[in-house]
Structures are given as C-alpha cells and as structure tokens.
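Visitor: Take this structure first; my questions come after.
Protein chains: 2
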Amino acid sequence: MVKSFIEENKDRFLEELFDFLRIPSISAQNERKEDMLKTADFLKRKLFDAGVDSAEVMATDGHPVVVAQKIINPSLPTVMIYGHYDVQPVDPIELWKSAPFLPEVRDGKIYARGANDNKGQLYMHIKALEFMVKNNSLPCNVKFIIEGEEEIGSPNLKKFCIAHQDILNCDVILVSDTTLISFDTPSITVGLRGLAYLEVEVIGPDHDLHSGLFGGAVANPINVLATMIAKLKDDKQRITIPEFYTDVVSISNQEREDMAKAPFDIQKYKKSLAISEVLGEEGYSTIERTGIRPTLDVCGIWGGYTGEGAKTVLPSKAYAKISMRLVPNQTPGKIAELFENYFLKLAPAGVQVKVNYLHGGMAYVSPMDTKAYKAAEKSMIQSFGKKPIPFRSGGSIPVIADFEQVLGVKSILMGFGLESDAIHSPNENFSLNLFYKGIETIPYFFKYYTEK
Amino acid sequence: MVKSFIEENKDRFLEELFDFLRIPSISAQNERKEDMLKTADFLKRKLFDAGVDSAEVMATDGHPVVVAQKIINPSLPTVMIYGHYDVQPVDPIELWKSAPFLPEVRDGKIYARGANDNKGQLYMHIKALEFMVKNNSLPCNVKFIIEGEEEIGSPNLKKFCIAHQDILNCDVILVSDTTLISFDTPSITVGLRGLAYLEVEVIGPDHDLHSGLFGGAVANPINVLATMIAKLKDDKQRITIPEFYTDVVSISNQEREDMAKAPFDIQKYKKSLAISEVLGEEGYSTIERTGIRPTLDVCGIWGGYTGEGAKTVLPSKAYAKISMRLVPNQTPGKIAELFENYFLKLAPAGVQVKVNYLHGGMAYVSPMDTKAYKAAEKSMIQSFGKKPIPFRSGGSIPVIADFEQVLGVKSILMGFGLESDAIHSPNENFSLNLFYKGIETIPYFFKYYTEK
Numbered sequence: 191m192v193k194s195f196i197e198e199n200k201d202r203f204l205e206e207l208f209d210f211l212r213i214p215s216i217s218a219q220n221e222r223k224e225d226m227l228k229t230a231d232f233l234k235r236k237l238f239d240a241g242v243d244s245a246e247v248m249a250t251d252g253h254p255v256v257v258a259q260k261i262i263n264p265s266l267p268t269v270m271i272y273g274h275y276d277v278q279p280v281d282p283i284e285l286w287k288s289a290p291f292l293p294e295v296r297d298g299k300i301y302a303r304g305a306n307d308n309k310g311q312l313y314m315h316i317k318a319l320e321f322m323v324k325n326n327s328l329p330c331n332v333k334f335i336i337e338g339e340e341e342i343g344s345p346n347l348k349k350f351c352i353a354h355q356d357i358l359n360c361d362v363i364l365v366s367d368t369t370l371i372s373f374d375t376p377s378i379t380v381g382l383r384g385l386a387y388l389e390v391e392v393i394g395p396d397h398d399l400h401s402g403l404f405g406g407a408v409a410n411p412i413n414v415l416a417t418m419i420a421k422l423k424d425d426k427q428r429i430t431i432p433e434f435y436t437d438v439v440s441i442s443n444q445e446r447e448d449m450a451k452a453p454f455d456i457q458k459y460k461k462s463l464a465i466s467e468v469l470g471e472e473g474y475s476t477i478e479r480t481g482i483r484p485t486l487d488v489c490g491i492w493g494g495y496t497g498e499g500a501k502t503v504l505p506s507k508a509y510a511k512i513s514m515r516l517v518p519n520q521t522p523g524k525i526a527e528l529f530e531n532y533f534l535k536l537a538p539a540g541v542q543v544k545v546n547y548l549h550g551g552m553a554y555v556s557p558m559d560t561k562a563y564k565a566a567e568k569s570m571i572q573s574f575g576k577k578p579i580p581f582r583s584g585g586s587i588p589v590i591a592d593f594e595q596v597l598g599v600k601s602i603l604m605g606f607g608l609e610s611d612a613i614h615s616p617n618e619n620f621s622l623n624l625f626y627k628g629i630e631t632i633p634y635f636f637k638y639y640t641e642k
Numbered sequence: 191m192v193k194s195f196i197e198e199n200k201d202r203f204l205e206e207l208f209d210f211l212r213i214p215s216i217s218a219q220n221e222r223k224e225d226m227l228k229t230a231d232f233l234k235r236k237l238f239d240a241g242v243d244s245a246e247v248m249a250t251d252g253h254p255v256v257v258a259q260k261i262i263n264p265s266l267p268t269v270m271i272y273g274h275y276d277v278q279p280v281d282p283i284e285l286w287k288s289a290p291f292l293p294e295v296r297d298g299k300i301y302a303r304g305a306n307d308n309k310g311q312l313y314m315h316i317k318a319l320e321f322m323v324k325n326n327s328l329p330c331n332v333k334f335i336i337e338g339e340e341e342i343g344s345p346n347l348k349k350f351c352i353a354h355q356d357i358l359n360c361d362v363i364l365v366s367d368t369t370l371i372s373f374d375t376p377s378i379t380v381g382l383r384g385l386a387y388l389e390v391e392v393i394g395p396d397h398d399l400h401s402g403l404f405g406g407a408v409a410n411p412i413n414v415l416a417t418m419i420a421k422l423k424d425d426k427q428r429i430t431i432p433e434f435y436t437d438v439v440s441i442s443n444q445e446r447e448d449m450a451k452a453p454f455d456i457q458k459y460k461k462s463l464a465i466s467e468v469l470g471e472e473g474y475s476t477i478e479r480t481g482i483r484p485t486l487d488v489c490g491i492w493g494g495y496t497g498e499g500a501k502t503v504l505p506s507k508a509y510a511k512i513s514m515r516l517v518p519n520q521t522p523g524k525i526a527e528l529f530e531n532y533f534l535k536l537a538p539a540g541v542q543v544k545v546n547y548l549h550g551g552m553a554y555v556s557p558m559d560t561k562a563y564k565a566a567e568k569s570m571i572q573s574f575g576k577k578p579i580p581f582r583s584g585g586s587i588p589v590i591a592d593f594e595q596v597l598g599v600k601s602i603l604m605g606f607g608l609e610s611d612a613i614h615s616p617n618e619n620f621s622l623n624l625f626y627k628g629i630e631t632i633p634y635f636f637k638y639y640t641e642k
C-alpha cells in the first residue's frame with residue numbers, strides 16, 4: 191500500500207526535497223538569516239499540504255521553530271516528530287563536486303548540503319504523514335517540532351520547550367537524524383554522545399612581530415597553542431584534563447562483549463577513509479572509542495600567515511575550536527569548566543588565554559524494553575526484512591536529553607543515513623533508496639506503536 | 191652642506207618615496223607580477239634622475255633585478271648599494287589604521303607597507319646619490335643592485351650574481367635594511383641570522399569527517415600537527431631536532447659579557463610588546479636569544495573550520511609554516527633535512543606528512559677591523575653625534591652571505607630602522623627624522639671610505 195504510493199509519487203517527493211535543499215539554511219552564519227525564515231515558511235507550507243490541522247513558525251531568540259500538529263482524537267496517543275531545517279557550513283567549498291545548494295542525483299545518491307542531515311531524513315516524515323492522511327490510515331495524533339539551530343547546539347530549544355510544554359505534550363518522540371550500520375545491517379541508535387564545544391584564543395604581543403628580530407625571545411602564540419593542545423592528551427590518547435573521566439559510568443564486560451558482536455570490518459573502515467591505521471584511546475576498540483568513550487578533537491585552528499609563499503611573522507594571536515564528545519553522566523557545563531581551568535594553567539607566562547564555551551549538550555541512552563522501541567524494531571523488520579541491531583552512535587543531538595528532562599518523554603532514534611554520507615563534509619549525500627525506505631518504514635512504526 | 195640640501199628638498203623626497211610606496215609590490219603573490227615590473231621601472235627612472243650613467247631592469251626566473259652604475263673613474267674604489275623593492279604581504283589587513291599602499295605621515299612617522307623594509311631605507315641611497323652628483327662630491331664609483339625577491343628568500347639572486355660577476359665587481363657593499371638600537375643609541379649591525387623556511391602538511395582521512403561519528407577513533411590532523419609542533423622544543427625551549435645545534439659555534443664568555451653591555455631595557459621591551467614576560471631558551475638573555483642562538487617559530491597554522499560559530503568537523507588536512515633562524519656555521523639545506531627527518535618520525539601511524547622546504551640562507555658576521563666598518567662608524571658619529579654600537583640582529587638577509595661567497599665582498603649593514611617600525615606587520619612605519627638622517631649619513635660614508 192505505502193510502497194505503491196511511493197512508487198507513484200517518487201519523482202514529486204524528490205522534487206519537493208530538492209526545493210527544500212536549495213535554500214542555504216546555514217544557521218552558523220548571520221547572513222543566512224533570511225534564508226532561515228524562508229526555509230521555515232517552506233516547511234509550514236509543506237506540512238499543511240501533507241494534512242496537518244495547524245502549523246506555525248514560532249519566534250525564538252535565534253532562528254524560529256516550526257510547530258505543527260494533527261489531532262485526530264485527544265484520547266489517542268501522540269507521536270511527536272523532531273527534526274531540524276538548518277545545515278552545516280559548506281567549507282571547504284572547493285572540494286564539492288557539485289554546488290552544495292544545487293542538489294543532484296548521481297549513482298543513486300542525492301548530493302547536497304543537508305541531503306541527509308537533516309533535510310532528507312526530516313522530509314521522509316512529512317511524506318509519510320501525507321501517505322497516512324490520504325490513505326486514511328493515521329492511527330493516532332502527530333506533532334512536529336522542527337528547529338533551525340541544531341547545528342549550532344540548539345541554544346534556544348530547551349527554553350522553547352519549557353515555555354511551550356502545553357503544546358508539546360506527547361507520548362514518544364520519533365527522530366530520524368542518525369545512521370544505519372549499512373543497508374544490509376539495519377540498526378537503531380540507542381545511545382548518543384554529549385558535547386562541549388569551545389573556542390580558545392592565545393594572545394601574545396599586541397601586534398604581529400618580525401620572526402627574525404623577535405623569534406626565540408618572545409612567546410609565539412602558535413607554538414604556545416600547539417603545545418597546550420598537545421598537552422590535552424597523553425601518549426595513550428587519554429584526555430589529561432583533571433577529573434575529566436570522573437563522571438564516566440563504567441561499562442560492564444558483558445556490555446562490551448555484546449558491542450563487539452556488531453558487524454564491523456576494520457579493514458573496510460580504514461579503506462573508506464583512506465587511512466593506514468586508526469588512532470584512539472588505548473585499551474578500547476574503534477566501536478568503543480566512538481560509542482562509549484568521551485573524546486577531544488580540534489575542529490579548527492588558525493593563526494599567522496596562511497597565504498601563498500613565505501611570510502616571516504611571529505603573530506599576535508592564534509585560535510582553535512575544540513569539541514569534546516561526552517558519554518552518559520558527564521555534564522557539558524562542568525566539562526567546559528574543567529577544560530578552562532586546566533587550559534589556563536597550561537599557558538606559559540607571557541601570553542593571555544581566553545576560553546569561550548560556545549555550546550554543549552548531554553549524552554542520551556535509549557531504553558530497549560519499551561513499546562516504542564519494539565515498534566521501531568518491528569517496522570524495520572517489515573521494511574528491511576531483518577531485525578535491526580541496537581547501536582551507540584558517537585554523534586550528539588543535545589536536545590534529545592533536553593526533551594527527556596523538560597517533557598519527560600523518551601525518543602526513538604530511527605535514522606536512515608549511512609556513515610559514508612559525508613554529513614558535515616563536502617559532497618554530503620543521501621541514498622535515494624534509503625530516502626524512500628524511510629518513507630515506507632515510518633507508517634509501519636505508527637501502526638505497531640498504536641496496535642493493542 | 192648635505193643638511194641644507196635635504197632641508198630644501200625634503201617635501202619632494204617624501205613625495206617621491208610615497209610614489210614608490212603606492213605600488214603594491216608583494217613578491218609572494220602571483221597577481222602582483224605587473225606591479226613588480228612597474229616598481230622596477232620606477233626605480234630605473236629615479237636612478238637616472240639621480241645621475242647614474244646606466245640603469246637596467248634585468249630579467250631573472252622570478253621578479254627582475256634593477257642594476258645601475260655611475261663610474262667616475264675606473265681606478266677609484268666602487269661602493270655597491272644593495273636593496274630590495276619587494277614588500278611583505280599585508281595581512282591581517284583589518285589591523286591597519288591606514289591602507290598599506292596609501293602612505294601617510296602621522297606623528298612624525300611614514301605609515302605604509304615597505305615604509306622601512308626596504309623602500310624607505312633604499313630610497314635614502316638614491317637621494318644621497320642625487321646630492322653627491324649635484325654637489326659634485328661623489329668621491330668614487332657607485333653601483334646599485336636592487337632585487338624584487340628578498341621577502342621570498344632571494345631564490346634567483348645568487349644565480350644572477352654568478353652570471354653577472356663582471357658588472358657587479360666592487361669593493362664594498364652598503365646595505366640599509368636593518369635597525370638602530372634607538373635614535374639615541376645608534377648602532378651598526380655586525381651579525382645576521384640565517385634562515386630555513388618550510389611548509390608542512392599533515393594528511394589524515396581523505397575527506398573531512400563528522401567529529402562525533404569519527405572523533406576518538408581516527409587520527410585528527412590538527413591534534414597530530416599540534417603534538418608534532420610541541421615536540422620540536424623541550425621545556426627549556428631548546429629545539430629537539432637531533433644534531434640541530436651541532437654546527438653552532440660557541441661564543442666565548444668574553445663576547446657574551448661584551449654583548450651584555452649593550453643598552454637594553456627589558457621592562458621597556460616588554461611594555462612595547464604588551465607582554466608580561468619574555469620566553470626563550472633557558473640560560474640565555476633576550477639579546478642572546480635573538481643575536482647568537484638559533485630559533486624555531488611557527489609563522490602560520492591552519493586547518494578545519496575557522497569561520498564563525500561551531501562546526502563539528504574532523505578535518506582531512508592541517509598545515510603550518512615554520513621558520514628557523516640560524517647562526518653562523520649552520521647550513522640551511524642541512525637544517526631543513528634534519529628537520530624533515532625528525533618531523534616525519536614524529537608522525538603517528540594513520541597520517542601522511544609532507545615537508546616542503548621553501549627557502550633558506552646562511553647567517554653572516556661582519557668584521558669590525560676594516561676601513562669600511564670604520565667609515566660607517568665615523569659617518570654615524572658625524573650625523574648622530576655618538577659612536578654607534580656594534581650589534582647582532584636576529585633577522586636574516588640571506589643574500590649578504592651569497593655576496594661574500596660569489597663576489598668575495600663584505601657588506602656593511604648600516605640601517606636606520608627601529609625595532610618598533612612594525613616591519614612585516616600591520617602599520618609598518620619609518621621615522622621621518624631617520625629617513626632624512628639616513629640621506630645625511632650616506633655621503634659621509636662615501637667620504638670617509640675613500641679618504642686616504
């Protein structure tokens with residue numbers, strides 16, 4: 191039934207998604223403010239087209255939130271769909287094979303910024319709703335909460351949820367913003383890492399100096415920053431920030447053994463990244479390093495002369511952006527504070543250091559003994575023909591923990607992306623097959639979740 | 191005599207220098223090729239105006255060299271002036287108070303890229319020649335060799351000197367491309383450091399990755415590069431490259447004691463840079479750290495996301511530009527090789543490292559028991575009223591060692607800049623007083639150098 195509906199409408203679905211992808215809704219960049227509004231309005235229109243009773247673009251202190259609902263009977267359960275319409279910046283732009291905001295299909299994949307994360311995966315839900323409404327098979331109430339600030343850490347969504355608890359009450363939250371292990375190995379994400387993201391600045395002399403006249407006598411902010419970053423991890427790739435691991439809950443050997451059973455081919459993994467060797471915390475496997483261990487990565491660094499040729503300068507300042515991924519029970523605010531205290535201590539005399547905490551979020555663990563989890567499992571068995579594997583992702587969706595805290599509702603992370611989709615990177619893409627497979631699976635979830 | 195000539199012509203001299211400064215002759219940037227030619231032609235015209243017999247713009251594999259001469263009697267000695275018409279890039283452009291190529295005078299200082307280095311200091315020689323020719327007081331022959339590639343390491347000048355030894359023969363080379371200790375403490379530079387300048391690249395995965403999904407499991411090129419840079423120096427700020435110090439000639443305690451007598455106020459030095467503390471190799475004073483010790487500075491670093499806000503990326507590549515200043519007897523080619531061998535060894539499995547040696551030059555030491563040095567000393571006594579102090583600079587002019595090797599001629603480094611002139615930095619400037627003081631001093635040098 192849903193399959194034939196998809197088959198009849200697949201070209202239109204893709205065209206609509208392309209319209210969605212063409213709007214450059216980069217939340218991190220101020221000059222995209224109008225495009226953000228345009229995108230929210232686009233969603234509102236498409237939600238009405240799909241059959242919701244009400245849809246609204248609601249202001250926040252940042253980019254607006256799109257809220258919609260279709261209440262068929264207040265006594266029935268309510269599924270709330272969460273997604274985000276903002277995307278990551280596109281640099282380095284020169285590595286894109288096609289323009290990031292001119293979507294196109296190549297080799298069965300949709301290429302565009304946001305193709306997977308999260309426009310493609312979010313749009314599946316709107317089309318699944320359209321099917322259920324037209325087919326008269328929507329078995330319960332449905333709500334949508336779609337934000338425009340996920341890629342910058344959802345700074346306003348928690349406040350929004352607190353202020354609007356009345357319109358956001360629901361029984362379960364369904365989210366497609368994660369990946370499958372592979373097309374042949376469907377999986378459901380049962381864990382997300384938390385995040386603390388900071389920007390640091392090392393300031394030396396108050397102006398750039400000639401590296402000959404001053405080199406060797408004055409602290410060079412780049413050398414200093416590099417040395418400070420190096421000291422954040424030891425030779426075993428353990429993070430050296432005092433008390434960093436204090437709140438980490440240890441995982442039982444049984445759980446680690448279960449994790450090791452998930453299909454994972456280290457050779458394929460290395461080949462897909464063109465690396466000769468992996469590198470991570472001693473004593474843990476690659477899956478454990480991203481699934482159950484906290485990490486620290488420099489996401490950007492800059493300072494001094496970065497143009498063509500040689501400039502012999504001892505720069506005044508150097509900068510880095512640092513992301514720490516956290517595991518359950520670690521608190522981003524506390525981690526950011528531990529980082530700052532330690533980082534400031536690492537600075538030698540002669541430089542000033544500034545640490546700016548940009549955003550953060552808690553980790554999340556999804557229980558597997560719930561009706562919702564079992565409905566997700568059954569719906570994937572129906573569409574993929576295989577039982578999905580529960581899987582802990584290394585990524586973060588901070589708002590999932592906020593939903594639990596504010597609304598008291600758990601989320602189901604049923605995503606249809608692949609790790610090879612290059613989200614946050616040049617040539618982001620999303621499998622056309624999985625886009626349609628998602629639209630097929632979602633109505634099954636509604637059916638199994640509401641059946642007696 | 192020369193003083194009244196300067197007084198009568200000072201506005202014209204400044205206007206001519208401004209015309210020179212207005213041409214953006216940045217040798218490191220390909221798009222400035224035409225401006226480089228324009229600058230060379232400008233110099234040729236001004237040299238003819240000043241009274242040379244011949245002036246020519248001569249091609250090289252890079253930017254051209256301007257050569258000129260005035261031979262009054264082949265049996266008399268010949269002084270050759272060396273200078274360069276190229277300038278450093280202007281970034282960070284936003285820190286300039288006035289446009290780098292729109293020169294202006296503020297508080298008695300000429301502000302422009304090249305105001306000191308080297309257009310201002312070079313132009314003093316052309317105006318000093320004009321005086322001597324008009325006043326009929328030129329006591330010997332004079333030649334000019336003015337290159338356009340000093341700021342990129344003079345890659346073609348040595349070859350040029352070898353090919354044109356016949357037209358470059360001379361008795362002494364006079365160079366104004368260095369600084370005075372201060373207006374009240376005139377000095378002559380008797381030592382220059384050598385240089386080895388490299389660019390390094392650390393390559394991890396073949397595309398940027400999501401720092402959540404992959405962070406902690408894959409070597410992050412920025413973290414790796416930072417750690418490799420940190421390992422280039424130990425806690426005592428000594429460079430750790432094996433054999434790096436092998437060729438360094440040790441300085442006697444007597445020499446170190448003499449150096450310590452040069453006037454130097456560490457409090458003023460720190461204040462002028464707005465730093466609370468200096469940082470350098472343990473066991474050496476600030477003057478020694480720049481004068482007699484080799485050093486290593488990162489001049490630029492970049493990788494990952496450097497824009498506004500947060501992007502959670504584990505980048506594919508990270509880069510740095512690294513400059514090592516060398517002391518007499520250290521060979522840049524050998525040092526670059528030692529660096530590369532060591533740096534490659536510092537890389538963990540899972541990344542590739544590329545090292546690109548951009549350019550280098552030998553250090554230089556000037557003898558003080560020569561007629562030329564004594565003439566420079568006397569000429570400064572006459573113009574400044576004080577005996578100049580011999581001083582070892584931390585900077586590099588690689589071609590000075592090449593001149594000695596190819597032409598067998600020593601150079602006199604009689605510069606009129608100040609350390610506060612911000613050369614290579616935003617708001618480069620040159621004291622108007624010292625510009626005129628230089629024009630006054632140069633004819634004295636010619637007089638004392640040629641007197642019986």
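Chains as they are written, first to last, in the working numbering: chain A, 191 to 642; chain B, 191 to 642. Don't be surprised by glycine CBs; every beta carbon is placed ideally from N, CA and C.
1) Whose C-alpha, out of B:M248, B:I262 and B:N263, is nearest the C-alpha of V256 of chain B?
2) What do you get for A539 of chain B, buried or exposed, if any count of 16 or more other CB atoms within 10 angstroms of its CB means buried?
3) Quick check: the segment 455–475 of chain A against the segment 458–475 of chain B, are there 3 or more CB pairs under 8 Å?
4) Does Q278 of chain A have its Cβ less than 7 Å from a Cβ in chain B?
5) Is G584 of chain A close to chain B? Criterion is C-beta to C-beta, closer than 7 Å.
6) Along the chain, where does the beta strand (DSSP E) containing S327 of chain A start, and where does it finish?
7) Over what stretch of residues does the alpha helix (DSSP H) that includes V589 of chain A continue unbroken?
8) Closest by CA to I363 of chain B, which one among B:Y639, B:S615 and B:K600?
9) Give the DSSP bridge partners of I632 of chain B, in chain order.
10) If you pair each beta-carbon of the segment 577–591 of chain A with each one of the segment 548–559 of chain A, do three or more pairs fall below 8 Å?
11) Find out if the Cβ-Cβ distance for the pair A510 of chain B, E498 of chain A is shorter than 7 Å.
12) Give the DSSP-derived three-state secondary structure of A510 of chain B in the structure shown.
13) Rounded to the nearest angstrom, what separates S440 of chain A and R483 of chain A at their Cα positions?
14) Go ahead and pull the three-state DSSP assignment for T485 of chain B.
15) Less than 6 Å between C-beta atoms, sequence neighbours within five positions excluded: which residues of the same chain meet that for T368 of chain A?
16) May I have the straight-line CA-CA distance separating R303 of chain A from N623 of chain A, to the nearest angstrom?
17) Interface residues of chain A around A407 of chain B at Cβ under 7 Å?
18) Taking the alpha helix (DSSP H) that T411 of chain A falls in, what are its first and last residues?
19) Out of A:I465, A:E445, A:G273 and A:L548, which has the shortest C-alpha to C-alpha gap to P580 of chain A?
20) Beta carbons nearer than 9 Å to chain A: which residues of the segment 297–330 of chain B have them?
21) Check the Cβ-Cβ distances between P538 of chain A and every residue of chain B, and say whether any is below 7 Å.
22) I'd like to know whether the C-beta of N531 of chain A is nearer than 7 Å to at least one C-beta of chain B.
23) Suppose contacts are defined by Cβ-Cβ distances below 7 Å. Is V541 of chain A in contact with V390 of chain A by that definition?
24) Could you confirm whether any beta carbon from chain B is found closer than 7 Å to the beta carbon of T560 of chain A?
25) Is there a Cβ of chain A sitting closer than 7 Å to that of L403 of chain B, yes or no?
26) Verify whether the separation of the beta carbon atoms of G402 of chain A and T502 of chain A is less than 7 Å.
27) Exposed or buried, what is P432 of chain B when buried is set at 16 or more other beta-carbons lying within 10 Å of its beta-carbon?
28) For the segment 388–402 of chain B, list every residue whose C-beta sits within 7 Å of some C-beta in chain A, in sequence order.
29) Would you call the segment 305–319 of chain B and the segment 264–282 of chain B touching, i.e. three or more CB-CB distances under 8 Å?
30) Mind checking I213 of chain B: buried by the 16 CB within 10 Å criterion, or exposed?
31) According to DSSP, is N623 of chain A helix, strand or coil?
32) What three-state label does DSSP hand N443 of chain B in the structure shown?
33) Who are the neighbours of G381 of chain B on chain A, taking C-beta pairs under 7 Å?
34) Please classify M558 of chain B as buried or exposed, where buried requires at least 16 neighbouring CB atoms within 10 angstroms.
35) For M248 of chain B, write down the residues that DSSP places opposite it in a beta bridge.
36) If you draw a straight line from the C-alpha of K324 of chain B to the C-alpha of T417 of chain A, how long is it?
Guide: If we stick to the structure as given:
1) B:M248
2) exposed
3) Using a C-beta cut-off of 8 Å, the segment 455–475 of chain A makes no contact with the segment 458–475 of chain B, since fewer than three inter-stretch Cβ pairs fall below that distance.
4) yes
5) yes
6) That residue, S327 of chain A, is in no beta strand (DSSP E); it is neither H nor E in DSSP.
7) P588 to L597
8) B:K600
9) Answer is none; I632 of chain B lacks a bridge partner.
10) yes
11) Contact: no.
12) If DSSP states are grouped into helix, strand and coil, A510 of chain B belongs with the strands.
13) 10 Å
14) strand
15) T379, S583, L603 and G605
16) 18 Å
17) V468, G470, T476, R479 and T480
18) It is worth fixing the name first, because residue 411 of chain A is Pro in this sequence and not Thr. Taken as a continuous stretch (DSSP letters only), the alpha helix (DSSP H) holding P411 of chain A covers P411 to A420.
19) For P580 of chain A, the nearest C-alpha among the options comes from A:E445.
20) D307
21) yes
22) no
23) no
24) no
25) Chain A contact via Cβ: present.
26) yes
27) exposed
28) G394, P395, D396, H397, D398, L399, H400, S401 and G402
29) yes
30) buried
31) helix
32) helix
33) Within chain A, no C-beta atom comes nearer than 7 Å to that of G381 of chain B; the closest sits roughly 12 Å away.
34) exposed
35) Paired residues: B:V255.
36) 59 Å
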